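Residue numbers (our numbering): 37 to 210. The next block holds one structure in the form of structure tokens; read it before the comments.
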């Protein structure tokens with residue numbers, strides 16, 4: 037059971053993840069969470085940092101696919117201007133939208149990684165789908181009301197796998 041909650045890697049933010057690091061681990065594509073992973077949950081549109089990061093990934097040939105439990109309109113508002121494919125209302129950690137995203141990307145599972153800020157949705161979803169995973173710290177320290185229960189359960193899971201959110205997780209996958 038402990039393995040279900042354990043990410044492959046953890047770093048401070050998505051902006052610490054470079055295409056070169058991913059390529060060194062044969063990663064060709066990312067399934068990536070939206071809220072508090074690539075943007076604060078209460079910011080509605082992509083900012084310059086996200087636009088630049090996504091562009092660098094695209095230039096390096098790393099595919100990005102947003103997979104979010106949020107609504108279609110919320111996810112489309114971020115994904116469409118960045119020209120990213122996405123799955124909204126994903127009900128992570130359930131497998132259905134993960135499977136659809138993997139099929140849509142046409143990249144072998146061993147060359148994909150799931151990136152997210154929540155163990156209970158993103159990391160458990162990745163592990164249930166035999167994907168590598170990267171846990172990042174939430175971009176803001178407050179969540180919407182729907183995430184509060186997950187965060188309480190996450191504290192228990194993090195203790196089980198020996199991850200301290202208050203420590204510096206570093207900027208590399210190694």
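Using N, Cα and C, we set each Cβ at its ideal position, and we do this for glycine too. From a predicted model like this one, the values you see are computed outputs, not experimental measurements.
Check: Taking residue 39 as the reference, which of 174, 78, 68 and 166 has the closest Cα?
Finding: In the chain shown, the residue the question calls residue 39 occupies position 3. Of 174, 78, 68 and 166, the residue nearest in Cα terms is 166.
Checklist line | Nearest-angstrom Cα separation, counted from residue 203 out to residue 174 | finding: Working through the chain shown from its first residue, we reach residue 174 at position 138. Working through the chain shown from its first residue, we reach residue 203 at position 167. So the two alpha carbons sit approximately 13 Å from each other.
Note to self: So, with DSSP's three-state summary, where would you put residue 65?
What the structure shows: Numbered from 1 along the chain shown, position 29 holds the residue referred to as residue 65. In this structure, residue 65 counts as strand in the three-state DSSP scheme.
Notebook entry, point to check: In whole angstroms, what separates the C-alpha of residue 45 from that of residue 109?
Noted result: Along the chain shown, one-based indexing puts residue 45 at 9. Along the chain shown, one-based indexing puts residue 109 at 73. Each residue's alpha carbon lies about 30 Å from the other.
Note to self: Let me check understanding here. Comparing Cα to Cα, which of 113, 171 and 206 lies closest to residue 153?
What the structure shows: Taking the chain shown and counting its residues from 1, the one referred to as residue 153 is at position 117. Residue 171 is the option with its Cα nearest to residue 153.
Next item on the list: Taking only the alpha-carbon atoms, compute the straight-line gap between residue 133 and residue 111 and give it to the nearest angstrom.
Entry: For the purposes of this step, residue 133 is taken as residue 97 along the chain shown, with counting starting at 1. For the purposes of this step, residue 111 is taken as residue 75 along the chain shown, with counting starting at 1. So the two alpha carbons sit approximately 14 Å from each other.
Next item on the list: Write down the C-beta distance between residue 101 and residue 126 rounded to the nearest angstrom, noting that I regard them as a contact closer than 8 Å.
Entry: Along the chain shown, read from residue 1 onward, the residue named residue 101 stands at position 65. Along the chain shown, read from residue 1 onward, the residue named residue 126 stands at position 90. Not quite, the Cβ-Cβ distance comes to about 11 Å (not below 8 Å), so this is no contact.
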